[in-house]
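These notes concern the structure reproduced below.
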Ligand SMILES: *Cc1c(COP(=O)(O)O)cnc(C)c1O
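Numbering (the numbering used here), first residue to last: 1047 to 1468.
In structure tokens form, the structure reads like this:
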């Protein structure tokens, strides 16, 4: 594949269309995928890999799930898009609104980035305020307001986490450590009347899987609401991944706005944002907040999403997925420790991360302190043995319903061999 990789690098930045894909595969270059099925990716070299990246989350029923593929093909025969409403959009929006807490009204978009960008715009319009709060290590997409890292100090005005983001824009985003309620309280003391919204991953998945401490989400919610700011729950990863209806349902939250993508799009480019009717009434054409999209509500994407959610069917699905994911994560930890390797895990629903640290991290700075050399060696060792794990300790592993006992045992056997070499 070296030739394709050379060609890719000549015509795309770093050879890839999203930076996380730029990692060394078995031959020292990334691998190219030919097709996918169930828990597997099949590479252009004809190698079958057990996949735990799963497109970074959407494929909860496994790759190329028959009901999803069938729905996509059926719709494709009837047209790829119209720029005019379809009844399927209504059905799909009804399903989301029925299932997700406080989702009275929903607007379909094309990605998670678009969902969070639009939700913040609504929150700023609702409150007439400028500042937003995010937690360090949470990822909400790549638009300017949220591509922000912490300055120095516990709760700080943000600085750009990317070239091309103006400092003035970055300074409107305040960052605090995840699970640090004192820092959060402190920032509201200082900036309370200026804060339009707090955006949070209810379970963080973009610094590895990080669980909210008991009471953390509720306290964040209470303080946010006491100060007249909106709580934007970013369920792009957790929605229909940790539970039917998402983490808001699981933790009994009262979100003002919710963002969705990944699982709800079943692998097609589809996102959604929405929430309480009084706030969503500000969105055009009803109100002054402009937000639009040529492909929004695309019928092929909607068909895929609807088929996947209908096939999942409800909350029972998640008991089995959780149990499987728990088993795999706990067994990996047990194996590592048996070989004297410091490992830990955070696991919930269909997400987990294996951390190379004695104790499971609870915020970004602790993930940074985990043993990255061990993670890299583990990743490459597994890949060599036909298991594609997330290429970085800042990513989450996503088992699907197709990761059956056989696949899990194969994974554990490979991991056992790799731990021995660390
Ligand atoms: C993936 C992700 C996004 C961005 O979604 P895209 O579809 O990649 O734009 C936003 N928020 C969270 C929590 C995510 O996991």
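Glycine residues also receive a C-beta, built at the ideal position from the N, C-alpha and C atoms.
Could you check whether the Cβ of residue i sits closer than 8 angstroms to any heavy atom belonging to ligand 1?
i	result
residue 1252	yes
residue 1373	no
residue 1416	no
residue 1100	no
residue 1169	no
residue 1157	yes
residue 1321	no
residue 1180	no
residue 1052	no
residue 1162	yes
residue 1185	yes
residue 1283	yes
residue 1103	yes
residue 1041	Nothing in the structure corresponds to residue 1041, since the chain is present only between 1047 and 1468.
residue 1195	no
residue 1317	yes
residue 1207	no
residue 1307	yes
residue 1247	yes
Could you please give the first and the last residue of the uninterrupted alpha helix (DSSP H) stretch that includes residue i?
i	result
residue 1116	1112 to 1124
residue 1469	In the structure as shown, the chain starts at 1047 and stops at 1468, and residue 1469 therefore has no counterpart that could be examined.
residue 1227	1227 to 1237
residue 1325	1323 to 1326
residue 1451	1451 to 1467
residue 1366	1362 to 1384
residue 1163	1158 to 1173
residue 1094	Run containing residue 1094: none in the alpha helix (DSSP H); it sits in the beta strand (DSSP E), 1094 to 1097.
residue 1268	1262 to 1272
residue 1029	For the chain, the structure presents residues 1047 to 1468; residue 1029 sits outside this window and is missing.
residue 1215	1213 to 1216
Does the distance from the CB of residue i to the CB of residue j come in under 9 angstroms?
i	j	result
residue 1251	residue 1457	no
residue 1439	residue 1405	no
residue 1426	residue 1070	yes
residue 1096	residue 1449	yes
residue 1246	residue 1263	yes
residue 1153	residue 1326	yes
residue 1168	residue 1328	yes
residue 1062	residue 1434	no
residue 1156	residue 1352	no
residue 1376	residue 1391	yes
residue 1304	residue 1131	no
residue 1349	residue 1120	yes
residue 1194	residue 1230	no
residue 1162	residue 1189	yes
residue 1221	residue 1182	yes
residue 1397	residue 1283	yes
residue 1461	residue 1367	no
Measuring CA to CA, which of the options is closest to residue i?
i	options	result
residue 1243	1463, 1079, 1227, 1302	1302
residue 1471	1434, 1287, 1338, 1313	The structure shown does not extend to residue 1471, since the chain is modelled only from 1047 to 1468, so the question has no answer here.
residue 1159	1337, 1186, 1174	1186
residue 1341	1078, 1107, 1126, 1082	1126
residue 1393	1304, 1401, 1386	1401
residue 1411	1256, 1308, 1077	1256
residue 1466	1396, 1388, 1403, 1414	1388
residue 1091	1180, 1105, 1079, 1053	1079
residue 1334	1104, 1164, 1057	1164
residue 1077	1048, 1330, 1212	1048
residue 1308	1058, 1297, 1285, 1235	1285
residue 1217	1237, 1227, 1226	1237
residue 1214	1180, 1228, 1239, 1176	1176
residue 1102	1172, 1451, 1065	1065
The beta strand (DSSP E) that contains residue i, what's its start and end?
i	result
residue 1394	1390 to 1394
residue 1181	1177 to 1182
residue 1306	1303 to 1306
residue 1441	Per DSSP, residue 1441 belongs to no beta strand (DSSP E) and is neither H nor E.
residue 1246	1241 to 1246
residue 1418	No beta strand (DSSP E) contains residue 1418, which is instead part of the alpha helix (DSSP H) from 1418 to 1430.
residue 1086	1086 to 1089
residue 1135	Unbroken run through residue 1135 is the alpha helix (DSSP H), 1133 to 1145; no beta strand (DSSP E).
residue 1408	Note, residue 1408: premise wrong, no beta strand (DSSP E); not H, not E.
residue 1082	1079 to 1083
residue 1276	1276 to 1280
residue 1299	It is not in any beta strand (DSSP E) - residue 1299 carries neither H nor E in the DSSP assignment.
residue 1220	1219 to 1223
I want to see whether chain D comes within less than 9 angstroms of residue i, judged by CB atoms only; does it?
i	result
residue 1453	Absent here is chain D; the protein component of the structure consists of one chain.
- Query: At a cut of 8 angstroms, does the segment 1275 to 1295 reach the segment 1370 to 1388 through at least three beta carbon pairs?
  - Reply: Output reads no: the segment 1370 to 1388 does not touch the segment 1275 to 1295.
- Task: Take every Cβ of the segment 1345 to 1362, pair it with every Cβ of the segment 1097 to 1113, and state whether three or more of those distances are shorter than 8 angstroms.
- Result: Between the segment 1345 to 1362 and the segment 1097 to 1113, the count of C-beta pairs closer than 8 angstroms reaches three or more; the two stretches touch.
- Task: Flag this pair as touching only if the segment 1264 to 1282 and the segment 1200 to 1213 have three or more C-beta atom pairs under 8 angstroms; answer yes or no.
- Result: By the Cβ criterion, the segment 1264 to 1282 is not in contact with the segment 1200 to 1213, since fewer than three pairs of Cβ atoms, one from each stretch, lie closer than 8 angstroms.
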